[in-house]
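Residue numbers (the numbering used here): 989 to 1371.
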């Protein structure tokens, strides 16, 4: 993981073709990575001048742009996963939480100065490419309607009503303002969109411009085709950032167009605040994840120790059980031998048949020997 300053120093220390393979990417990919993070690169001919001994000034590293990540993950996948556990996290010294000295109020003032004045034109003669595509599609719908020779509501233009023209003018003004300031606006869908997304650095802010509660179906009813420009219009900003205004709507005092500057500023501020909150959230997650790993290790060690204690206890119990069993068999063998001696001393048994007595005694003593671990040597190997 590199900081912007790290990559800046690196890209000005050696040619990109030398550095790029270290990250497993091409020099073109490395150049694009620098562009995405606002890092200036040596111009064409820079290294030739250096090789010839000429002094060439570096382009200074500008401050981090709005919504742009400070940490860079060079490689084939230039994205930062906020839930990826770094290798060796448990042993890692996590740096202090990120601090952003600029307050939300100062950030807003800075963005206001960058945005300047935004106005909503009365027409769409200067349309953003995405808005122009919607207008062109409407022209094609009208042509298709005429070519059919019969009326079909599904081929009616979508943006012909006074309300829709007003809505497109506002969306167009917002998209042009974002594009002018380096944002990258794009429609959520090609047909009948009610919102668009603007990319602020590496963050995405969604902006909905529509009548509150209106559900778009891709065609217009009779009511929709006649919808007046005075229909209440609402702009809603959706972003992972708290503490800023996110909804503007027509009211008795002003139209939503009167807040166009505020909307543009809020979107850029939301992008930057979203980045800050992600960084702070990521730090908190790292701290918790490290604690979780250490706790899991502690529990695993405890579990291992518990299982070892249980294993040793089971082994000791087995040893004792075997000892008692061996002692029991030995006692039984002694009892059998003692009993055999009594039988041997009783001549009236076996009707005085000495041969039968001898056979029985041999058998009984053989049973005792087979049972006696002292004789068989079958004493459990408990160690």
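Glycine residues also receive a C-beta, built at the ideal position from the N, C-alpha and C atoms.
For chain C, find out if any of its Cβ atoms is closer than 8 Å to the Cβ of residue 1156; answer yes or no. This model lacks chain C altogether; it includes just one protein chain.
Closer than 7 Å by C-beta to residue 1027: which residues in its own chain qualify, once you throw out the five before and the five after it? Chain order, please. 992, 995, 996, 999, 1049
Measuring alpha carbon to alpha carbon, tell me which of 1095, 1160, 1276, 1045 ends up nearest residue 1196. 1160
Is it right to say residue 1155 is buried, meaning 16 or more other beta carbons lie within 10 angstroms of its own, or is it exposed? buried
Taking 7 Å as the line, does the beta carbon of residue 1150 fall inside it for any heavy atom of the ligand COA? Absence of the ligand COA is noted for the structure shown, with no ligands found whatsoever.
With a threshold of 7 Å on Cβ separation, who are the neighbours of residue 1362 within its own chain once the five nearest residues in sequence on each side are excluded? 1318
Identity of the residue in 1328, 1017, 1174 nearest residue 1194 by Cα: 1174
Minimum length 4: unbroken alpha helix (DSSP H) runs contained in the stretch 1182–1215: 1210–1213
Just checking my contact of residue 1382 with residue 1078 at CB under 8 Å: how many whole Å lie between their CB atoms? In this structure the chain extends from 989 to 1371, so residue 1382 is not present and cannot be described.
I'd like to know whether the C-beta atoms of residue 1221 and residue 1255 end up nearer to each other than 8 Å. no
Let me make sure I understand the geometry here. Which of 1002, 1200, 1312 has the alpha-carbon closest to that of residue 1244? 1200
Close beta carbons around residue 1037, own chain, < 7 Å, minus the five adjacent residues each side: 1044
Measure the CB-CB distance between residue 1259 and residue 1170 and report whether it falls below 8 Å. no
Taking all protein chains shown into account, decide if residue 1010 is buried (16 or more other Cβ within 10 angstroms of its Cβ) or exposed. exposed
Between the Cα of residue 1125 and those of 1133, 1109, 1116, 1145, spot the shortest distance and give me the residue it belongs to. 1145
Quick one: grab the DSSP three-state call for residue 1060. strand
Pick helix, strand or coil for residue 1172, following the three-state DSSP scheme. strand
I'd like the ranges of any alpha helix (DSSP H) spanning at least 4 consecutive residues and lying wholly in the stretch 1097–1160. 1117–1136
Pick out whichever of 1091, 1086, 1162 has its Cα sitting closest to the Cα of residue 1117. 1162
Let me know if residue 1164 comes out buried or exposed under the rule of 16 or more other beta-carbons within 10 Å of its beta-carbon. buried
Residue 1090 (DSSP reduced to helix, strand or coil): coil
Less than 8 Å separating the beta-carbons of residue 1274 and residue 1007? no
Please work out which residues of its chain come closer than 7 Å, Cβ to Cβ, to residue 1206, disregarding the five sequence neighbours upstream and downstream, and give them in chain order. 1179, 1180
What residues match up with residue 990 in a beta bridge as DSSP calls it? 1060
Would the beta-carbon of residue 1262 fall within 8 Å of that of residue 1228? yes
When 1129, 1332, 1110, 1134 are compared against residue 1352, the one with the closest alpha-carbon: 1332
To the nearest angstrom, how far is it from the Cα of residue 1288 to the Cα of residue 1271? 25 Å
Which of helix, strand or coil does DSSP assign to residue 1221? strand
Beta carbon of residue 1248, beta carbon of residue 1108: below 8 Å? yes
Could you spell out the range, first to last residue, of the alpha helix (DSSP H) harbouring residue 1257? 1248–1332
Assuming residue 1215 and residue 1151 form a contact by the criterion Cβ under 8 Å, report the distance between their Cβ atoms to the nearest whole angstrom. 4 Å
Just the Cα atoms here: how many angstroms apart are residue 1209 and residue 1242? 28 Å
Own chain partners of residue 1233 with C-beta closer than 7 Å, once the 5 adjacent residues on each side are dropped: 1254
Using CA coordinates, which residue listed in 1002, 1061, 1032, 1003 is at the minimum distance from residue 1024? 1061
Using only alpha-carbon positions, find the residue among 1153, 1296, 1323 that is nearest to residue 1120. 1153
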